[in-house]
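Worksheet: one structure, shown below.
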Amino acid sequence: MSQAQSILLESGTNELEIVTYTVGENLFSINVMKVREIINPFPVTTVPESHYAVEGVVQVRGEILPVINLAMALNLKSTKPLDQTKFIISELNQMKVIFRVDEVHRIQRISWEQIDEPASLSMGLEETTSGIVKLDGKIILLLDYEKIVCEISGTGYDNKSIAGLEQKTDRAEKVIYIAEDSAMLRQILEETLSSAGYTKMNFFSNGAEALAQIEKLAKEQGEKMFEHIHLLITDIEMPKMDGHHLTKVVKDSEVMNRLPVIIFSSLITNELFHKGEAVGANAQVSKPDIQELIGLVDKLVL
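What follows is the structure in structure tokens.
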């Protein structure tokens, strides 16, 4: 398989394409929007003192990319010799990485409504799983690739970068709704926004929950809803309803469409920026750029 982007869906349909693959005896998937290419493996150059799950680096079309062995990262036993595995070249969080997996199966189109939150997962992979989907009688795990990469690389979200921001008293009066399925990210956003002076936040673990509350406000308050909510920040990848569909529903509404929406996602790349524009997002920020996020929040609500 070459460029997976050739089959990408139009924005706002609440559907996604997933690449299914196996590591050991487990079946996993990755959003096609994160996949740049799937290739056969070749020798890896080891890097001294690297993380135990990082095999080393390889050069692909002039780029030096780290190779993460997913079996090692997930504490699973690989069932394939290295020369029979596959490399999944992925782009997320403003970086490219390679995931070594045992076997790649196929691309499938599903709805975010089919994906459940991993709260009831009892396979020892709860901390690294963002969703569960049941297809053809099989359980497929959607991994939290951003968390895996952040923990391995040591990069991530640094709220120290906002320490020097000017404090504005008006921030404390603004109500922000945040749709984010990652508990880790919800905590980081709460700490970061609070540090900046935004203290009125309502968090939702998926787009459907956020939309239900926003629609309730619109129904009960009409135009006065904007006295109770001033901004929506949403991730893209979430169980039940993704951020693109959430944004589209809000912006297509005669009442709700005045609500500013910021998409904050690891999928904000030059190639995919147009998808957020197509659904009417006011701004888009790539994770983990917290400082840029705060600046855009100020611009839209102050």
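Under my numbering, the first residue of the sequence shown carries the number 263, and numbering increases by one thereafter. Cβ atoms here follow ideal geometry from the backbone N, Cα and C, with glycine treated the same way. All values derive from a computational prediction rather than experimental measurement.
_Within 8 Å, do at least three Cβ pairs link the region 432-449 to the region 344-359?_
no
*Would you mind giving the Cβ-Cβ distance between ILE394 and GLU277, rounded to the nearest angstrom? I have them listed as a contact below 8 Å.*
What you label residue 394 is simply residue 132 of the sequence shown in a count that begins at 1. What you label residue 277 is simply residue 15 of the sequence shown in a count that begins at 1. That pair is no contact at about 17 Å.
*Counted within 10 angstroms of its Cβ, other Cβ atoms place ASP398 as buried (16 or more) or exposed*: By one-based count along the sequence shown, residue 398 stands at place 136. With fewer than 16 Cβ atoms within 10 Å of its Cβ, ASP398 is classed as exposed.
*State the start and end residues of the unbroken alpha helix (DSSP H) segment that holds LYS510.*
Within the sequence shown, residue 510 is the residue found at index 248, counting from 1. Run containing LYS510: 505-514, per the alpha helix (DSSP H) assignment.
*When DSSP labels each residue in this structure, what does TYR283 get in the three-state scheme?*
If you number the sequence shown from 1, residue 283 lands on position 21. The answer is strand: DSSP assigns TYR283 an E or B state.
*Closest residue to LEU508 among LEU529, GLU533, GLU477, ALA333 (Cα-Cα distance)*: Residue 508 sits at position 246 when you count from the first residue of the sequence shown. Residue GLU477 is the option with its Cα nearest to LEU508.
_Using the Cβ count rule (16 or more neighbours within 10 Å means buried), how would you classify PRO550?_
In the sequence shown, residue 550 corresponds to position 288, counting from 1. Burial call: buried.
*Of all the alpha helix (DSSP H) runs that stay within the bounds of the region 528-555, which reach a length of 4 or more residues?*
535-540
_In chain order, what are the residue ranges of uninterrupted alpha helix (DSSP H) at least 4 long that sit wholly in the region 411-481?_
445-458
*asked:* For MET334 and GLY416, what's the separation of their Cα atoms in angstroms?
replied: Translated into positions along the sequence shown, residue 334 becomes position 72. Translated into positions along the sequence shown, residue 416 becomes position 154. Cα to Cα, MET334 sits roughly 17 Å from GLY416.
_For ARG362: DSSP bridge partner residues_ = Position 100 of the sequence shown, counted from the start, is the residue given in the question as residue 362. For ARG362, which the question treats as bridged, DSSP gives the partners ASN331, PHE349.
*Could you give the residue range of the beta strand (DSSP E) that holds GLU379?*
The residue you call residue 379 lines up with position 117 of the sequence shown. No beta strand (DSSP E) contains GLU379, which DSSP labels as neither H nor E.
*Under three-state DSSP, which class holds SER291?*
Position 29 of the sequence shown, counting from 1, holds the residue named residue 291. Three-state result, SER291: strand.
_Own chain residues within Cβ distance below 8 Å of ILE360, not counting five before or after_ = By one-based count along the sequence shown, residue 360 stands at place 98. Only VAL320, VAL322, LEU327, PRO328, VAL329, ILE330, PHE349, ILE350, ILE351, SER352 meet the Cβ criterion.
*Cβ neighbour criterion (16 or more within 10 Å) applied to ASN293*: Here residue 293 refers to the residue found at position 31 of the sequence shown. Buried, because 16 or more other Cβ atoms sit within 10 Å of the Cβ of ASN293.
_Suppose you measure from the CA of THR391 to the CA of ALA480; what does that come to, to the nearest Å?_
The count along the sequence shown starts at 1 and reaches residue 391 at position 129. The count along the sequence shown starts at 1 and reaches residue 480 at position 218. Going by the C-alpha atoms only, they are around 34 Å apart.
*Taking 8 Å as the threshold, find out whether the region 480-499 comes into contact with the region 515-526 through three or more Cβ pairs.*
yes
*asked:* Please return the same chain residues whose Cβ sits closer than 8 Å to the Cβ of LYS342, not counting the five positions on each side in sequence.
replied: Translated into the one-based positions of the sequence shown, residue 342 becomes position 80. Within the same chain, LYS342 has close Cβ partners ASP364, GLU365.
*asked:* Between the alpha carbons of GLY469 and LEU387, how many angstroms are there, rounded?
replied: As a working note, residue 469 is residue 207 in the sequence shown. As a working note, residue 387 is residue 125 in the sequence shown. Taking the straight line joining both Cα atoms gives about 23 Å.
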